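A short worksheet on the structure shown next.
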Ligand SMILES: [Fe+2]
Ligand SMILES: [Fe+2]
């Protein structure tokens, strides 16, 4: 009977709240990083034939980022302390892959967007019927990340020399970045 009183639910609620806070923290970090990656690619390829498609993806990432910036404020989530790192590392990843060529830039997009797709799918599953609004946001963004992945594939990502290596290295980097940004 005592279980029905709200006091006894407090520890569980805190855990759930922290779980949601972690999701918002890491998603904010990821979308922040995504805007920096496309900004880095555009710095190198901004006058080339892929500029328009890169700008399209950057604009969508900016919208994702600003949604999570709003959520960080509204839900009083502590942002990751690593934003300055993602500011530099995201831009560098974008610029370096773009310097390797248009196909390498697209290989970076495929790797990053597939990592985010997997990450968002896991979050949506974990949320279940909790937080329907947050879940809907995640599903909407996930569909756009998959659109970005498809843009990468349509622009010959897989034809870049060393595709498997570039893809694997960036996927591994994304996993580390996600694990860090949830906690730090
Ligand atoms: Fe995004
Ligand atoms: Fe994306």
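Residue numbers (the working numbering): -5 to 178.
C-beta: ideal position from N, C-alpha, C; glycine also.
This structure is a prediction, so every number in the text was calculated from the model and none was measured.
Query: List, from N- to C-terminal side, the alpha helix (DSSP H) runs of 4 residues or more that fit wholly inside the segment 121 to 164.; Result: 126 to 148
Query: Is residue 176 helix, strand or coil when you go by DSSP?; Result: helix
Query: Please indicate yes or no: does the CB of residue 139 lie closer than 7 Å to some heavy atom of ligand 2?; Result: yes
Query: For residue 28, verify whether its CB is less than 7 Å away from any heavy atom of ligand 2.; Result: yes
Query: Ligand 2 and residue 17: does the residue's C-beta get closer than 7 Å to at least one heavy atom of that ligand?; Result: no
Query: Starting from the Cα of residue 150, find the closest Cα among 122, 44, 12 and give me that residue.; Result: 44
Query: Alpha carbons only, please: which of 128, 114, 90 is nearest the one belonging to residue 164?; Result: 90
Query: So what's residue -4 in DSSP terms, helix, strand or just coil?; Result: For residue -4, the pLDDT reaches just 42, beneath the cut-off of 50, and the residue's location in the model is therefore unreliable, although a value from the coordinates is still provided. Residue state, collapsed to three classes: helix.
Query: Tell me which residues share the same chain as residue 66 and place their Cβ nearer than 7 Å to its Cβ, disregarding the 5 neighbours each side in the sequence.; Result: 18, 22, 73
Query: Whose CA, out of 15, 9, 10, 11, lies closest to the CA of residue 176?; Result: 15
Query: Output yes or no for whether 8 Å exceeds the beta carbon distance between residue 143 and residue 178.; Result: no
Query: If we ignore side chains and look at the alpha-carbon of each, how far apart do residue 112 and residue 102 end up?; Result: 16 Å
Query: Give me the Cα-Cα distance between residue 40 and residue 174, rounded to the nearest whole angstrom.; Result: 31 Å
Query: Given 7 Å as the limit, tell me if residue 100 has its C-beta closer than that to any heavy atom belonging to ligand 2.; Result: no
Query: Beta-carbon separation of residue 168 and residue 99 under 8 Å?; Result: no
Query: Check whether the Cβ of residue 110 lies closer than 7 Å to any heavy atom of ligand 2, and answer yes or no.; Result: yes
Query: How should residue 131 be labelled, buried or exposed, when 16 other C-beta atoms within 10 angstroms of its C-beta is the threshold for buried?; Result: buried
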